[in-house]
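Read the sequence shown against numbering that gives the first Met the number 0 and you will find it ends at 210, with the numbers running on by one and no gaps.
As structure tokens, the structure follows; a few thoughts come after it.
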Amino acid sequence: MTTGVFISFEGIDGAGKSTHIAALAAVLREQGRDVTLTREPGGTPLAEKIRELALNEAMDPLAEALLMFAARRDHLQQVIEPALAAGQVVLCDRFTDATFAYQGEGRGFDKAVLGQLEQWVQARPEGGIRQPDLTLLFDLAPEIAAGRLSGSRVPDKFESQPVEFFRKVAAGYDLRARQDPARFARIAADRPKEAVWQDVLAAVRRKAWLA
Ligand code: TMP
């Protein structure tokens with residue numbers, strides 16, 4: 000049976016990852032792969048309810064981090080693990096790197112606690128923890144991302160943060176990428192959409208998951 004593949008997409012708000020996730024799903028399906036396209040926080044009825052709260056209600060950083068991981072636990076158990084066990088490709092718009100970047104660096108919350116939560120929530124019965132097989136990190140200067148966001152739909156709690164917050168979030172992502180370079184592919188997102196798309200394809204082809 001085909002082996003499951005778990006790919007996450009990360010970057011600050013406005014980095015432009017969403018259209019590429021949908022396009023990658025389409026290309027993989029054309030090549031005969033079963034694809035689960037999902038997102039965090041969210042991806043299950045319970046996790047989508049948690050998303051509503053986490054993105055719209057004011058709360059302290061620990062409460063915020065706990066909600067992100069509660070949503071993740073449900074998402075892993077209900078959607079991600081079964082899809083991987085069935086040999087599917089799971090494309091996930093954000094995963095735990097976002098918690099380290101947003102709650103850890105952005106909010107300044109204790110990363111040792113986040114690391115502990117990561118161990119509990121992502122623990123696998125056979126040992127070790129579930130992590131994406133590949134993480135595409137869309138790199139974009141926070142000033143440019145802010146410009147892209149302004150004028151779009153009503154911003155949520157995170158999208159309405161000042162540029163300074165996104166500088167910290169970007170630094171958080173950078174740190175995670177440097178801690179686990181084999182898992183990450185960095186995509187320079189400050190270029191025309193087609194050039195970015197070619198980099199997305201190249202990163203997936205390098206892993207031999209795409210012809
Ligand atoms: P998005 O679906 O537009 O990317 O929105 C999700 C928002 O939630 C985004 O601003 C990043 C934020 N977020 C966190 O703060 N922590 C997390 O763990 C995740 C997954 C997302």
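C-beta atoms are modelled at their ideal positions from N, C-alpha and C, and glycine is treated no differently.
- Here C91 has F5, I6, S7, F8, T37, R38, E39, G42, I79, P131 as same chain residues with Cβ atoms under 8 Å from its own Cβ, once five neighbours each way along the sequence are excluded.
- Judged by beta-carbon spacing, V88 lies beyond the 8 Å limit of L174, meaning their Cβ atoms are not closer than that value.
- By the 16-neighbour rule on beta-carbons within 10 angstroms, V153 is exposed.
- Sixteen is the threshold: when 16 or more other Cβ atoms of the shown chains lie within 10 Å of the Cβ of G10, as they do, the residue is buried.
- Straight-line measurement puts the Cα of G105 at about 20 Å from the Cα of R147.
- DSSP, read as helix, strand or coil, puts S17 in helix.
- Counting every other CB atom within 10 Å of its CB across the protein chains shown gives K16 a total of 16 or more, marking it as buried.
- Assignment of alpha helix (DSSP H) within the stretch 9–76, counting only whole runs of 4 or more residues, yields 17–29, 44–55, 60–74 in chain order.
- Taking 7 Å as the cut-off, one finds no heavy atom of the ligand TMP near enough to the beta carbon of A201.
- Under the 10 Å beta carbon count, I20 is surrounded by 16 or more other beta carbons and is classified as buried.
- Membership of L174 in the alpha helix (DSSP H) is indicated by the continuous run 162–178.
- Checking the 7 Å criterion, the Cβ of M58 is out of range of every heavy atom belonging to the ligand TMP.
- In the structure shown, the three-state DSSP call for L135 is strand.
- Nearest neighbour of G86 by Cα position, chosen from K192, R32, G13, D155, turns out to be R32.
- Look at L139: its beta carbon is at least 7 Å from all of the heavy atoms in the ligand TMP.
- Straight through space, the alpha carbons of L23 and V34 are spaced by roughly 10 Å.
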